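K.L.:
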Ligand code: NAI
């Protein structure tokens, strides 16, 4: 299969090349996908993208006109892809539904630790030979209540870590998992009112956009710790800044930012004009921002590369990519197929 992979970082190349084993003819380019760069897909069968790529309807229209049949995203989240537009052009879409959720979970917990024990500030002082303990007081996680919104792969992995720290873990999910691992199922208002630490692990959908806003922040405990490693727009950033100003939010850890597209994943320190909301956030020493790096472990990178190549392999053989199928229409066909497998123990015809 002829493929162009957009937004490729130097550190990704070895993982993709190891997974590909020269099976597919993949052109790796560092440019993000956009209306302008869609032309690089000319003559290809598939494009491989990441979360910062523009896979909106106008871009998909260009890809469709160029004869692109497949879009594989190297991410779990698919909110950057207009799936309905892809369906119009008959373009199939695949994601990486499950790759090392521990990578994301460990980063979320690392952010919580760094904020709580003021590790960044302490290290900054130590580097200047200031070994005073002033202003470094933290709290024990042991015995605290952690509220998780979204209990899929990463939410459950975060729960396991906080359980190990001796926390009470409460959670809310549209589909609460059957094996709850001792997580107490609660309503969102209960979670807001009782959690000392709230960590977000739901996808970005119309229902979760700005789930955390001035109204919901108001329902939280004073000095709450909020961690977002999911998608920036789950949090209304302007409202969060207000919550930091009035002390309602005691700690804010963001690996994702509402307006990160075109900003994160690149060095912007020389920009004359900087993102205003981010500049405001940076004024607070109880805010920790990382550049969408929760996925960035060797294990996760290999998992992403392996699944991405597997998706291309399946398409090449005219097969459905199974759980990785996120097509607006074929997804329903896949779900039906899975149901038939569950009921009959037999796979139906694999081509969709
Ligand atoms: P998942 O699909 O395994 O779990 C998501 C869970 O959220 C599901 O259990 C689902 O039922 C639940 N959910 C959906 N809508 C909801 C709602 N309105 N309210 C409450 N729960 C809801 O996904 P996974 O792997 O746990 O990832 C979660 C999100 O994390 C992804 O969608 C992606 O946006 C983000 N992510 C971020 C990464 C990073 O590097 N920062 C890396 C990987 C994922």
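Numbering (this note's numbering), first residue to last: 1014 to 1365. Note that CB positions come from ideal geometry on N, CA and C, so glycine has one too. A quick note: this is a predicted structure, and the numbers were derived from the prediction, not measured.
From residue 1241 to residue 1128, what does the alpha carbon distance come to, in whole angstroms?
P.N.:
Their Cα atoms are separated by approximately 13 Å.
K.L.:
Report all residues from its chain with a CB closer than 6 Å to the CB of residue 1029; omit the five preceding and five following residues, and keep chain order.
P.N.:
These residues qualify, in order along the chain: 1318.
K.L.:
I want to check one thing, is the minimum distance from the CB of residue 1090 to the heavy atoms of the ligand NAI below 7 Å?
P.N.:
Residue 1090 Cβ: within cutoff of the ligand NAI.
K.L.:
So, is residue 1348 buried or exposed, given that buried needs 16 or more other C-beta atoms within 10 angstroms?
P.N.:
Low per-residue confidence applies at residue 1348: pLDDT is 47, beneath 50, and the placement is therefore not dependable enough to give any value.
K.L.:
Is residue 1269 near the ligand NAP, in the sense that its beta carbon is under 7 Å from a heavy atom of that ligand?
P.N.:
No copy of the ligand NAP appears in this structure; the ligands present are the ligand NAI.
K.L.:
Looking at the secondary structure, which residues open and close the alpha helix (DSSP H) in which residue 1101 lies?
P.N.:
First-last of the alpha helix (DSSP H) with residue 1101: 1096 to 1101.
K.L.:
Can you list, in chain order, the residues of its chain whose CB lies under 6 Å from that of residue 1248, leaving out five sequence neighbours each side?
P.N.:
Closer than 6 Å at the Cβ level, and outside the excluded window around residue 1248, lie 1225 and 1241.
K.L.:
Residue ranges of each beta strand (DSSP E) run of no fewer than 3 residues wholly in the region 1230 to 1298, ordered along the chain?
P.N.:
1237 to 1241 and 1262 to 1267, all fully within the region 1230 to 1298.
K.L.:
Is there at least one non-hydrogen atom of the ligand NAI closer than 7 Å to the beta-carbon of residue 1186?
P.N.:
Checking the Cβ of residue 1186 against the ligand NAI gives yes.
K.L.:
What did DSSP end up calling residue 1083 once you bin it into helix, strand or coil?
P.N.:
In this structure, residue 1083 counts as strand in the three-state DSSP scheme.
K.L.:
Do the region 1160 to 1169 and the region 1113 to 1131 touch if we need at least three Cβ pairs shorter than 8 Å?
P.N.:
The answer is yes - the region 1113 to 1131 touches the region 1160 to 1169, with three or more Cβ pairs under 8 Å.
K.L.:
In this structure, how does DSSP classify residue 1147 when only helix, strand and coil are distinguished?
P.N.:
Coil.
K.L.:
Go ahead and label residue 1031 buried or exposed: buried means 16 or more other beta carbons lie within 10 angstroms of its beta carbon, across all protein chains shown.
P.N.:
Classification for residue 1031: exposed.
K.L.:
Keeping to the same chain, check which residues put their C-beta closer than 7 Å to that of residue 1205; ignore five residues upstream and five downstream.
P.N.:
1229, 1232 and 1233, listed in sequence order.
K.L.:
Within 10 angstroms of its Cβ, does residue 1327 collect 16 or more other Cβ (buried), or is it exposed?
P.N.:
Buried.
K.L.:
Hey, how far is the Cα of residue 1289 from the Cα of residue 1184?
P.N.:
If you take the alpha carbons of residue 1289 and residue 1184, they lie about 33 Å apart.
K.L.:
Taking the alpha carbon of residue 1223 as the reference point, which residue from 1210, 1237 and 1245 has its own alpha carbon closest?
P.N.:
Among 1210, 1237 and 1245, the Cα nearest to that of residue 1223 belongs to 1245.
K.L.:
Sorry if obvious, but does the Cβ on residue 1212 come closer than 7 Å to a heavy atom of the ligand NAI?
P.N.:
Every heavy atom of the ligand NAI is 7 Å or more from the Cβ of residue 1212, so no.
K.L.:
Quick one: grab the DSSP three-state call for residue 1203.
P.N.:
Residue 1203 falls in the helix class under three-state DSSP.
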